[in-house]
Amino acid sequence: MEKKLFGTLPTGEEIYIYTLRTEDALVNIMTRGATIVNFKAFGTDIVGGFDKLETYLAETSHQGAIIGRVANRVGGARFEMDGKVYTLPDNDKGNCLHGGDGFDHKVWTVTDYSDTSITLEYTSKDGEEGFPSQLRVVVTYKLSGANLLIDYLAYPEGKTPIALTNHAYFNLDGFGGTIEEHTAVIYADRYTEVDDLLIPNGNRPAVEGTPFDFKTPHTIGERCGKDFIGYDHNFILSPEKKEVLFGKELGLIADVKGKKLGMKVYTDQPGVQFYIGNFLGNGPDFRGGTKQVFHGAFCLETQTEPDCINHGIGFYNKGDVYTHSTVYAVEEL
0 MEKKLFGTLP
10 TGEEIYIYTL
20 RTEDALVNIM
30 TRGATIVNFK
40 AFGTDIVGGF
50 DKLETYLAET
60 SHQGAIIGRV
70 ANRVGGARFE
80 MDGKVYTLPD
90 NDKGNCLHGG
100 DGFDHKVWTV
110 TDYSDTSITL
120 EYTSKDGEEG
130 FPSQLRVVVT
140 YKLSGANLLI
150 DYLAYPEGKT
160 PIALTNHAYF
170 NLDGFGGTIE
180 EHTAVIYADR
190 YTEVDDLLIP
200 NGNRPAVEGT
210 PFDFKTPHTI
220 GERCGKDFIG
230 YDHNFILSPE
240 KKEVLFGKEL
250 GLIADVKGKK
260 LGMKVYTDQP
270 GVQFYIGNFL
280 GNGPDFRGGT
290 KQVFHGAFCL
300 ETQTEPDCIN
310 HGIGFYNKGD
320 VYTHSTVYAV
330 EEL
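Structural data, given as structure tokens:
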């Protein structure tokens, strides 16, 4: 088992990296944000990350981190629950993105660790970032071959919204180039239409005949251009099939292929945010001095629909248990 000091926060808290390892893959998990720092599969590092803790503290792209208490955007940085309005941090043009200074900014506690598995916990206090009720969150990463499970549990002490995800940025060819030539299939019949601020407008059009139709393979960049910068949209999933992985029955929702590696994504969630690094390019270098580039990575963030809590979705009461499981299964082509 491998554990090393990664750095120290301005508060004096020490941040550690733990290593999961199999013959096919290596995954490093950082205690700040319960973050995937890197994921090396069959010799290729396929997840974005940085060499220094200080870069994570200054950077705003949420690389590899657990996102919560509510992932994605909350319109107007507010929501109503049981007749009371709750105000959230405005960190995205009048909206709340990824819970404000959310779970990706917090220091998590490791409660279990082996060569192939790690469990981390974080307790969010009542009122943190404007969200009501205390919430204990447990996230487990498990590695088998080159398949990575992320398993989420959350236990509220009172009624509160919960919608978690992980914000890993993938490039199956390794970082430094774009993912525009990756081929993708996303098993979704509809997508969530959004306004100019990426807040859902209530429409859920069919993907057929649109740039959002990935029901058959397309390269990621072939329908991007000056009139369409790229994907940052929720796809409403209709899984191709279900398989049992890590003892869990999960739906196959995406299949992405690079030059030498492919990755299938399985989940029990109703949606996936497909984002292709539209805002990458001006940030700090990735590990080893690799430059960030526009469309240099893709994210497949399994989750509930954006702004779900302003539509009555995603609320949990004391005694409820939030559950969520996703597997990123990598293979050589």
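Numbering that gives the first Met the number 0 puts the first residue of the sequence shown at 0, with every later residue one more than the last. By construction, the Cβ of each residue, glycine as well, lies at the ideal position given by its N, Cα and C atoms.
Does the distance from the C-beta atom of A24 to that of L142 stay below 8 angstroms? Position 25 of the sequence shown, counting from 1, holds the residue named residue 24. Position 143 of the sequence shown, counting from 1, holds the residue named residue 142. The answer is yes: Cβ separation under 8 angstroms.
Touch check for the region 238-245 and the region 162-175: three-plus C-beta pairs under 8 angstroms? no
Would you decide whether P305 is buried or exposed? Buried here means 16 or more other CB atoms lie within 10 Å of its CB. Along the sequence shown, one-based indexing puts residue 305 at 306. It counts as buried.
How big is the Cα-Cα spacing for L148 and T325? Taking the first residue of the sequence shown as position 1, residue 148 is located at position 149. Taking the first residue of the sequence shown as position 1, residue 325 is located at position 326. The alpha-carbon atoms of L148 and T325 are separated by roughly 6 angstroms.
Output the distance between the C-alpha atoms of R135 and K225, rounded to the nearest integer angstrom. Taking the first residue of the sequence shown as position 1, residue 135 is located at position 136. Taking the first residue of the sequence shown as position 1, residue 225 is located at position 226. So the alpha carbons of these two residues sit roughly 44 angstroms apart.
Do P204 and F227 count as a contact pair if the criterion is CB distance below 8 angstroms? In the sequence shown, counting from the first residue as 1, residue 227 sits at position 228. In the sequence shown, counting from the first residue as 1, residue 204 sits at position 205. The answer is no: Cβ separation not under 8 angstroms.
Just how far apart, CA to CA, sit K124 and V320? As a first step, residue 124 must be located in the sequence shown, where it is residue number 125. As a first step, residue 320 must be located in the sequence shown, where it is residue number 321. Near 17 angstroms, if we compare the C-alpha coordinates of V320 and K124.
Hey, out of I66, G250, Y230, whose CA is closest to D267's CA? Here residue 267 refers to the residue found at position 268 of the sequence shown. The shortest Cα separation from D267 among I66, G250, Y230 belongs to G250.
Buried/exposed call for P216, threshold 16 Cβ in 10 Å: Sequence index remark: in the sequence shown, residue 216 carries index 217 (1-based). Exposed, by the Cβ-count rule.
Does DSSP put G129 in a helix, in a strand, or in coil? Taking the first residue of the sequence shown as 1, we reach residue 129 at position 130. Looking at G129 - three-state DSSP - the assignment turns out to be helix.
Own chain residues within Cβ distance below 6 angstroms of V138, not counting five before or after: Against the sequence shown, residue 138 aligns to sequence position 139. Taken in chain order, the residues that qualify are A33, I65, L119, Y151.
Please state the DSSP three-state secondary structure of Y55. Position 56 of the sequence shown, counted from the start, is the residue given in the question as residue 55. Correct three-state label for Y55: helix.
Quick one: is S132 buried, meaning 16 or more other Cβ sit within 10 Å of its Cβ, or exposed? Residue 132 sits at position 133 when you count from the first residue of the sequence shown. Answer is buried; the Cβ neighbour count reaches 16.
Which listed residue (N202, Y230, K3) has its alpha carbon closest to that of Y17: The residue you call residue 17 lines up with position 18 of the sequence shown. Looking at the Cα atoms, K3 is the closest of the given residues.
Buried/exposed call for D103, threshold 16 Cβ in 10 Å: The residue given as residue 103 occupies position 104 in the sequence shown. So D103 counts as buried.
Are T218 and G270 close, meaning C-beta to C-beta below 8 angstroms? Start at 1 with the first residue of the sequence shown, and residue 218 comes out as number 219. Start at 1 with the first residue of the sequence shown, and residue 270 comes out as number 271. In this structure, G270 does not lie closer than 8 angstroms to T218 by Cβ.
Which runs of the beta strand (DSSP E) spanning at least 3 residues fall entirely within the region 93-173, listed in chain order? 108-112, 116-123, 134-143, 146-155
Return helix, strand or coil for H310, following the three-state DSSP convention. Translated into the one-based positions of the sequence shown, residue 310 becomes position 311. Residue state, collapsed to three classes: helix.
Secondary structure at R189, three-state DSSP: helix, strand or coil? Within the sequence shown, numbered from 1, the residue matching residue 189 stands at position 190. Strand, per DSSP.
Quick check on DSSP: helix, strand or coil for R20? In the sequence shown, counting from the first residue as 1, residue 20 sits at position 21. Reduced to three states, the DSSP call for R20 is strand.
Who does A64 pair with in a DSSP beta bridge? Here residue 64 refers to the residue found at position 65 of the sequence shown. For A64, which the question treats as bridged, DSSP gives no partner whatsoever.
Determine the closest residue to C223 out of N202, E180, V264, with distance taken between C-alpha atoms. Position 224 of the sequence shown, counted from the first residue, corresponds to residue 223. Among N202, E180, V264, the Cα nearest to that of C223 belongs to E180.
To the nearest angstrom, how far is it from the Cα of N71 to the Cα of E53? If you number the sequence shown from 1, residue 71 lands on position 72. If you number the sequence shown from 1, residue 53 lands on position 54. Computed Cα separation, rounded: 24 angstroms.
Where does G32 fall in DSSP's three states? Counting from one through the sequence shown, the residue named residue 32 turns up at place 33. It is coil, neither helix nor strand.
Using three-state DSSP, classify A253 as helix, strand or coil. Reading the sequence shown from its first residue, position 254 is the one you call residue 253. A253 falls in the strand class under three-state DSSP.
Rounded to the nearest angstrom, what separates I235 and D212 at their Cα positions? In the sequence shown, counting from the first residue as 1, residue 235 sits at position 236. In the sequence shown, counting from the first residue as 1, residue 212 sits at position 213. If I take the Cα positions, the gap works out to 12 angstroms.
C-beta contact flag for A296 and F169 at 8 angstroms: The residue given as residue 296 occupies position 297 in the sequence shown. The residue given as residue 169 occupies position 170 in the sequence shown. Yes, the Cβ-Cβ distance between A296 and F169 is below 8 angstroms.
Rounded straight-line distance, which links the Cα of D50 to that of G372: Since the first residue shown for the chain is 0 and the last is 332, residue 372 is missing from the structure and cannot be characterised.
Cβ shell of D44 (< 8 angstroms), same chain only, five flanking positions each side left out: Numbered from 1 along the sequence shown, position 45 holds the residue referred to as residue 44. Here the set comprises N37, F38, G173, F174, R286.
Could you name the residues of the same chain whose beta carbon sits closer than 8 angstroms to that of T110, not counting the 5 residues immediately before and after it, in chain order? Here the question's residue 110 lines up with position 111 in the sequence shown. Here the set comprises T118, L119, E120, V137.
Beta-carbon spacing of I275, Y265 below 8 angstroms: As a working note, residue 275 is residue 276 in the sequence shown. As a working note, residue 265 is residue 266 in the sequence shown. No, the pair does not count as a contact, with Cβ atoms beyond the cut-off.
Closer than 6 angstroms by C-beta to Y230: which residues in its own chain qualify, once you throw out the five before and the five after it? Chain order, please. The residue you call residue 230 lines up with position 231 of the sequence shown. If we look at Y230 and ignore the five residues flanking it on each side, its Cβ neighbours are F273, I275.
Inter-residue Cα distance where the pair is N200 and V206: Taking the first residue of the sequence shown as position 1, residue 200 is located at position 201. Taking the first residue of the sequence shown as position 1, residue 206 is located at position 207. Answer to the nearest angstrom: the Cα atoms are 16 angstroms apart.
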